[in-house]
Structure formats: structure tokens, C-alpha cells
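Undergrad: Residue numbers (the numbering used here), protein chains in the order written: chain A, 1 to 206; chain B, 1001 to 1206; chain C, 2001 to 2206; chain D, 3001 to 3206.
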DNA sequence: GATGAATGAGTGTTCATTCAT
DNA sequence: TATGAATGAACACTCATTCAT
């Protein structure tokens, strides 16, 4: 019924599978079962079709980030959720994330492109959150003292890299999510007072 | 004088600045100061021009990795060098790395593409090295016990993300390199010999 | 309220400002505040919209010509009025005249086009009037003896050119109207009764 | 042999016969016997093909104007030549003049268009010449005293209208050229001293 | 080695027009 | 009356690639 949505869905599928450039508006139209001008009736041009997809993906991402309640959770719990989000969103909207992570890199040179805008918005939102989490953790003593800005940038790069890895999926990635969480926990958190104890390497192996 | 090299250099510059698709063979030819067919005399087609660039970048990367002497260095020193390499190579050959990291993502769907081959080779080499480093570190007691495969994958994703971040360079990235090294050090290494360190109960359970 | 008239008015404005080809039916509809098919409800097609405009302009023109009373006025007074009409009509309905004088030239090749029909009608009416005026003037001795047909054609071309000049209006045209009247007066009329005027030998020979 | 010229010639023919908008680049190519991209190899785009034609026409026009030697000829002889030029150029390059006079009117709204530039150049050159001629004639006593600027504008409009009339050629225009010259002569020139005499209307008829 | 000229196969896009509702 | 949706038929234009010279 809703041709607009059908066009959008098909475009998502094709852009994800073949890339933006390799997908033609005619191909999209044919797969939807309409004529090419119908695509241009619903969307101003090919670019705008792409932009709509990107903005949808951004909205989903921002909604997920919104679910992280930095105020009431412990800092590391917030960070852990943040990490999990970056894994689950790829599983949830893989095609849109694939478009975001695969087609956009070629367009970041252009500051006017929707890609650049979406990246900036996503990055700045994430960075603000990471900043708050690290600050709160360091203030409460849960986290060790680190340089917030540089660490936040590093974590962003890491999360970004992890999403990309899932999309490329050149091999099975079992355990990467928990390895990441453990890795960050060990690096960031101070031992909990009163509940920690000395442990040797051999003991851990057991 | 060497037209082939001039074509290659110009192609690198333009592919990096505008992306592969947005760069035309005519544009390359004009900027070099030759005619379009001259490009096709030196290179079979546009794709092969791209492949040569990619392979050059891969070789530079592999040479850098080769410089890491896992046998004689301590595991963390090796890892640290590995991290530094991923920062310095972007500074060294920024255009080629930009092409690699920006144009390739759109092509990884195709298993025959040079991009895919280059990515696989780079990834597998890096993964092997990371595996050896982690193994050696855990064996010597320098590193805590972790799941090698998942951790290596995570580190690859992280290094990849860090290179991308440098290329996109949406903000100044001062201190990210040392933050990364510090972050990994804290997470991976056990307290130095003769001492012990705090471990949380949850970590032991994990 | 009268949608038909609103469409017509908007079409006049846009055709005059941008030309017929450059104006789309969608644009007309949007500026009127209706949908595109509404335009086609009121007018058979874009062409017919254009034709209606042209015929309106023709009617206004013919009405003005009708006001010239050749019988009761002196021949030159008639001619003067005719000249004034060709100046005032452009000021009166500038957009319609602009359409007539700018869009039509490209269509005169086609004998079926409304443009051609309108031009023929306007031209033949004007020519008949000029013929009568010249004839009457020569008969009464007010005008010098000239070749009626060729002179009428020349005067038509002149009037046409003057209207065009006003529409293009590449510079201020102060005084052109009176210069034209004076020019024609001097050329056409004999010295007033009872007097004679100078005539060159070559003129007599001609 | 010279495809570029063949394309240009065909474009001239088709633009003149059908107008710019109604002529497609594919049609031009087919009539020349090449493929469509060949047209774009020789000319940047359809517009530039049009511009080249226009500029050629302008050059021919300016060359003709150049042949008028205001310094050594008498003022009216110069004007007469100017009038004759506006008749003969239409006979000489009718297609190019047709394009100039039929396609351009629709484009004069755009100050950047080649049409506007060509019109301005042609008009200003002609106006300068007319100004000089009238001035010289009035200074020498050959011409009656008139307002130069307004009269020049009127003459431009007349010449323009006469060229248009020839192009449209809705009827045979025998005698219009000499009628125009006679008309201007009578209007502009004073009776020659010493050689003129009184003539009655009836005498002229004889 | 290099070029001028050309092309096949597309590309996104436009636009007047139609028709079921 | 009027519209939302759609379309047929084109359009200018691009680009990697080829080939005779």
C-alpha cells in the first residue's frame, strides 16, 4: 500500500547490499514494482532518499543512547550499557548501520553532506555522555584518574571500530562484546573497597 | 618524467580528496597533464589504478608490522609499538590510508575486490601478531588471563577505529595515543613482579 | 475564488517572467495554491493556457485599434494615435505583451500555432488601417506620395520594433515616443497648405 | 571531415527551423551522423553550442557595421548603408539571424545569458554609430535638428523590427528597403542648398 | 608512447498528462 | 471539483573505455 515506505525499504536493502553509487534509481523502482519517476515523486532526488535513511538511523541511535540513565546508574553500568548498545543496534538495524558505516566514510570530506551532519551529531552526543560517565566515575572514586577528553575520544574510536567489525563480519565475533566490557572494566575501575583481595595469576586461571 | 608514477600520485591525491567514484579518469589525466588514454596505457583500467594504490598501502602497513619483534621485546612493548604504528602510519601515508579506510568500506561486500583482499590480509597479519603477543604475555605472567581470540578481535576493532578517527579528524586528538596505550596497559598487564594488585570479586567470577 | 482566473493570472505572470518553456504546470499550480491536475481541469493543456492568454492580448490590442477613427480624424492624427497605442498598450498589459513578443517569435515557424494566428490577425488589421490612413492622407494632399504597401510594411516593422524595445527596456526610453511621431510627421506630411517645402533632386528622381 | 563544424551547421539549421528548446542534442547528433556524446565532446553542453552560434552571428554583424565609414561618407550615406546592412545580413545568414531574433527574446530576462550579452553589444555598437551619424549630420547642416538619443533609439527599434519582419516574412516585402531609406531621408535631411526647388504633390506623382 | 576523436551504456531527473477516488 | 499517486517519454549529460593514427 504505502509505496513511499516500500521505496524506502528497498533503497535501504540495495544501498546496504551494493552501496549508494552502485544502486540506481531505476533498480530501486523495478524492485518495488513502480516506474522510476514514482521514486522521484516521493523523494526529491536520490540524495534525499539517502538522507532520509541516514536520519532514520541516527534517530534510532539517539533513542538508544537516550535509554542510558547516567544519573541513576553507576558509571560503569552506564558504560557497559553504552557498549552493549553499540553491539545491539547493529543487530537491530543492520542495513541502515551498514549504509551509515560503509557509504558515509567516502562523504565525510564534504561538510554539507548529511553523512557529516549525522556523524557529528552522533559523535557529539556520545562524547557528551562518555564525558559525564568518566567524570562521575572519577569523582566517586569508582574510576581511576584519567584524562577525560582523550579517553572519551579513544572509547568513541573503539565503539566505532566495533560496530564496523560487526558489519564487515569477516569472522565470527563470539565473546567480543563481553571481552570489551571486561577490558574496559579492568582498565577503568579501581578495585572495590573492602571486597577486593589479592589474586595471583595462577589463581585466576583456575 | 615518470608518467606512470605521476598518474599514480595524482590518483592517490584525488581519490583521497574526493573518493573513488567522484574522481574521473579524465580529471586524473588533466591534472597530470596527459590525455585520458595515456592513463589507460599505463593502467589496465580505473579499478587497477585503485588496486595498485591499495596494494602499496598494504605493503607499507605490512612493513611496519614487520618491524615489531615479538620474540625479543616484552609483550606489552610489542603491543605498544603496534598501537604507535597505527597512529604513525596515518601520519605517514595519510592519503593512501584515507582511501583504504573511506573508499573500501563500500566494497567489502564483494569478496573478489582488492579491498576485501587487502583487508583480509591486513587483518589476519595483525590478528596473528596480537594472538602471539597476548599468548606470550599471559604465559609469562605479564598479562592477566583473558580470552585471546575475542580480545584480539576487540583490539583490532579498536586500532581500526583509532585510525579512522584520525582520518576523519573531526576534532583535535591530542593525547589519544597515550591514553590508548595507558588504557591497554592497565587493562592487560598484571601488577609488576613482586607486587600484587586489586581484583574485584566479579572479575574473579568472570 | 475564481480558480480559473487565478490560474490564468499566475500563468501570465510566470510566462512573462520566465518564458513558456521554463514555466511548469506544477509551478503554476503551486503558486495559485491548487494541485496540478486542477490546472488541467480548467484548461485542456499547457498550450491552451498559453493560447487563452494570447487571445486576450490580441483582443485588447484590437480594441485599442478600434478606437482609431480613421474616417473623422485627419490622417496624421490617426497615425499619431496608432503610434501612441503601440506605446501605451505595452505599459497597460506589459506581461501579456511580453509573452506575445518574447515567446511567440520562436513559434512563428508553425503556421498552426496560436502565435502565428494572433500575429497574422494583428498584422493584417494594422496593415489595413495603415493602408487606409496613407491612402486618405495622400488623396487629401496632407501626405507626400509614397508607395503604400512598402511604407505600411515598414511602419509595421517600426511599431513592432518599438514595442519590443520597451519590453526589453535595456535603457531608459524617454522621448522615443515623441521622436517617433515627429520623425513620421516630417517624413510623411507635406508642408501645410498654402506653403511648399523643399524637396531634393534625388527624391524627385526616385 | 570536420565534425565540429558539421555539428555546428546542423545545430544552426535545426535551431533555426524548430527553435532551441524543441531541438534535442540526440537529433543534432543523428543528423550529423555521430553519436550523442560526440556533440558533448566538441561542445561543453547544449547551451555552449547555442552560444557559439550566437557569437558567430554577432561577429558577422559587427564586421558589417565596421564597413560603415562614418568619417569619409556623408551622414545620410552612412545611414543608408546601415539600413541596407540590416536587410542584407538577414539574406546572408538567415538561419543565424533567425536564431538570434527568435530564440533570444525569451532569454533576455536573464542578464547572464549569451543572448543578453550579444544584444547589448550589438545595440551599443549600433547606437554609438547612429549617434555619431546624427551628430555629424546635424553639425554639417545636412540633417535637421533632432534629439539624438531618442532618435537613435527609435532607429534601432525600426531596424530591429525590419530584420524581424524579414525573418517572419509573412508576406513579400518588395520595396520595404527603399521605402525605409526614402522615409528616413525625408525625415532627417534638410533640403540641399541651391539644388532644391519647390515641388507640388502632383508633380511628384508624375 | 601518446593522442584526438569517438562511443555504448548508462545516469538522475523533468514534465505534461492521466485516472481512480 | 479537486486530488494523490503515478507514468510514458523523453532529456541533457557523464564516463570508462577504445582505436586509428
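Ideal placement from N, C-alpha and C gives every residue a C-beta, glycine not left out.
Since the structure is predicted, the reported quantities are computational estimates derived from the model, not experimental observations.
Please give me, in chain order, every unbroken run of the alpha helix (DSSP H) with length at least 4 that falls completely inside the segment 1040-1103 of chain B.
TA: You should have 1046-1066, 1075-1092, 1094-1102.
Undergrad: Which residue wins for smallest C-alpha separation from residue 2126 of chain C, given the options C:2047, C:2023, C:2181, C:2078?
TA: Minimum Cα distance to residue 2126 of chain C is reached at C:2078.
Undergrad: Is it right to say residue 1168 of chain B is buried, meaning 16 or more other beta carbons lie within 10 angstroms of its own, or is it exposed?
TA: Buried, by the Cβ-count rule.
Undergrad: Please give me, in chain order, every unbroken run of the alpha helix (DSSP H) with length at least 4 that falls completely inside the segment 2006-2041 of chain C.
TA: If we require 4 residues or more, the alpha helix (DSSP H) runs fully inside the segment 2006-2041 of chain C come out as 2025-2032.
Undergrad: Could you give the DSSP three-state label for residue 2189 of chain C: helix, strand or coil?
TA: Residue state, collapsed to three classes: strand.
Undergrad: Just to confirm, are residue 1055 of chain B and residue 1012 of chain B a CB contact at a threshold of 8 angstroms?
TA: In this structure, residue 1012 of chain B does not lie closer than 8 angstroms to residue 1055 of chain B by Cβ.
Undergrad: Any C-beta of chain D within less than 9 angstroms: which residues of the segment 2176-2187 of chain C qualify?
TA: Answer set for the segment 2176-2187 of chain C: 2176, 2177, 2178, 2179, 2180, 2182, 2183, 2184, 2185, 2186, 2187.
Undergrad: Taking 8 angstroms as the CB-CB cut-off, is residue 94 of chain A touching chain B?
TA: False, the Cβ-Cβ gap to chain B never drops below 8 angstroms.
Undergrad: Can you give the Cα-Cα distance for residue 9 of chain A and residue 31 of chain A, rounded to whole angstroms?
TA: Their Cα atoms are separated by approximately 10 angstroms.
Undergrad: Quick check: the Cα distance between residue 2103 of chain C and residue 2019 of chain C, rounded to an integer number of angstroms?
TA: The straight-line gap from Cα to Cα measures roughly 6 angstroms.
Undergrad: Under 7 angstroms between beta-carbons, which chain B residues line up against residue 106 of chain A? List them in chain order, please.
TA: Correct list: 1019, 1102, 1103, 1106.
Undergrad: Are the beta-carbon atoms of residue 165 of chain A and residue 173 of chain A separated by less than 8 angstroms?
TA: The answer is yes: Cβ separation under 8 angstroms.
Undergrad: Please identify the residue among B:1040, B:1097, B:1136, B:1190 whose C-alpha is closest to the C-alpha of residue 1053 of chain B.
TA: Ranking B:1040, B:1097, B:1136, B:1190 by Cα distance to residue 1053 of chain B puts B:1097 first.
Undergrad: So, is the C-beta of residue 145 of chain A closer than 8 angstroms to a C-beta in chain B?
TA: With 8 angstroms as the cut-off, residue 145 of chain A does not count as an interface residue toward chain B.
Undergrad: Under DSSP, the alpha helix (DSSP H) around residue 1172 of chain B begins and ends at which residues?
TA: Per DSSP, residue 1172 of chain B belongs to no alpha helix (DSSP H) and is neither H nor E.
Undergrad: Measuring only the C-alpha atoms, how far is residue 2014 of chain C from residue 2022 of chain C?
TA: Taking the straight line from one Cα to the other gives about 9 angstroms.
Undergrad: Tell me, which residues are paired with residue 2143 of chain C by DSSP?
TA: Per DSSP, C:2189.
Undergrad: Use the C-beta contact count for residue 3062 of chain D: other C-beta atoms within 10 angstroms, 16 or more gives buried, fewer gives exposed.
TA: Under this definition residue 3062 of chain D is an exposed residue.
Undergrad: For residue 3074 of chain D, which residues from the same chain have a beta carbon less than 6 angstroms from its beta carbon, with the 5 sequence-adjacent residues on both sides left out?
TA: Around residue 3074 of chain D: no qualifying Cβ.
Undergrad: Exposed or buried, which one is residue 2026 of chain C when buried takes at least 16 other CB atoms within 10 Å?
TA: Exposed, by the Cβ-count rule.
Undergrad: Just checking, does the segment 127-143 of chain A make contact with the segment 1127-1145 of chain B on the three C-beta pairs under 8 angstroms criterion?
TA: No: fewer than three Cβ pairs fall under 8 angstroms.
Undergrad: Contact check, residue 2070 of chain C vs residue 2129 of chain C under 8 angstroms by CB: the rounded distance?
TA: Confirmed, Cβ separation roughly 7 angstroms.
Undergrad: In three-state DSSP terms, what is residue 2155 of chain C?
TA: Helix, per DSSP.
Undergrad: Could you tell me which chain B residues have their CB closer than 8 angstroms to the CB of residue 151 of chain A, listed as they occur along the chain?
TA: Near residue 151 of chain A (Cβ distances below 8 angstroms), the residues of chain B are 1179, 1183.
Undergrad: Out of curiosity, what's the CA-to-CA distance linking residue 3134 of chain D and residue 2101 of chain C?
TA: Rounded to whole angstroms, residue 3134 of chain D to residue 2101 of chain C spans 29 angstroms at the Cα level.
Undergrad: Given that residue 77 of chain A touches chain B, what residues does it touch there, using C-beta distances under 7 angstroms?
TA: Residues of chain B passing the Cβ test: none, with the nearest at roughly 12 angstroms.
Undergrad: For chain C, check one thing: does any of its Cβ atoms lie closer than 8 angstroms to the Cβ of residue 3013 of chain D?
TA: No, its Cβ sits nowhere closer than 8 angstroms to a Cβ of chain C.
Undergrad: Can you tell which of D:3188, D:3177, D:3182 has the C-alpha that lies nearest to the C-alpha of residue 3085 of chain D?
TA: Checking every option, the nearest Cα to that of residue 3085 of chain D belongs to D:3177.
Undergrad: With H, G and I counted as helix, E and B as strand and the rest as coil, what does DSSP make of residue 2113 of chain C?
TA: Residue 2113 of chain C: coil per DSSP, three-state reduction.
Undergrad: How about residue 114 of chain A and residue 51 of chain A: are their beta carbons less than 8 angstroms apart?
TA: It is a contact, given that the beta carbons lie within the stated cut-off.
Undergrad: Would you tell me roughly how many angstroms separate the C-alpha atoms of residue 2004 of chain C and residue 49 of chain A, rounded to the nearest one?
TA: When rounded, the distance between both Cα atoms is 36 angstroms.
Undergrad: Once you ignore the five residues that flank residue 1093 of chain B on each side, which residues in its own chain have a CB closer than 6 angstroms to its CB?
TA: Closer than 6 angstroms at the Cβ level, and outside the excluded window around residue 1093 of chain B, lie 1060.
Undergrad: Is there a C-beta anywhere in chain A that falls below 8 angstroms from the one on residue 1027 of chain B?
TA: No, its Cβ sits nowhere closer than 8 angstroms to a Cβ of chain A.
Undergrad: Which of the three DSSP states, helix, strand or coil, is assigned to residue 131 of chain A?
TA: Helix.
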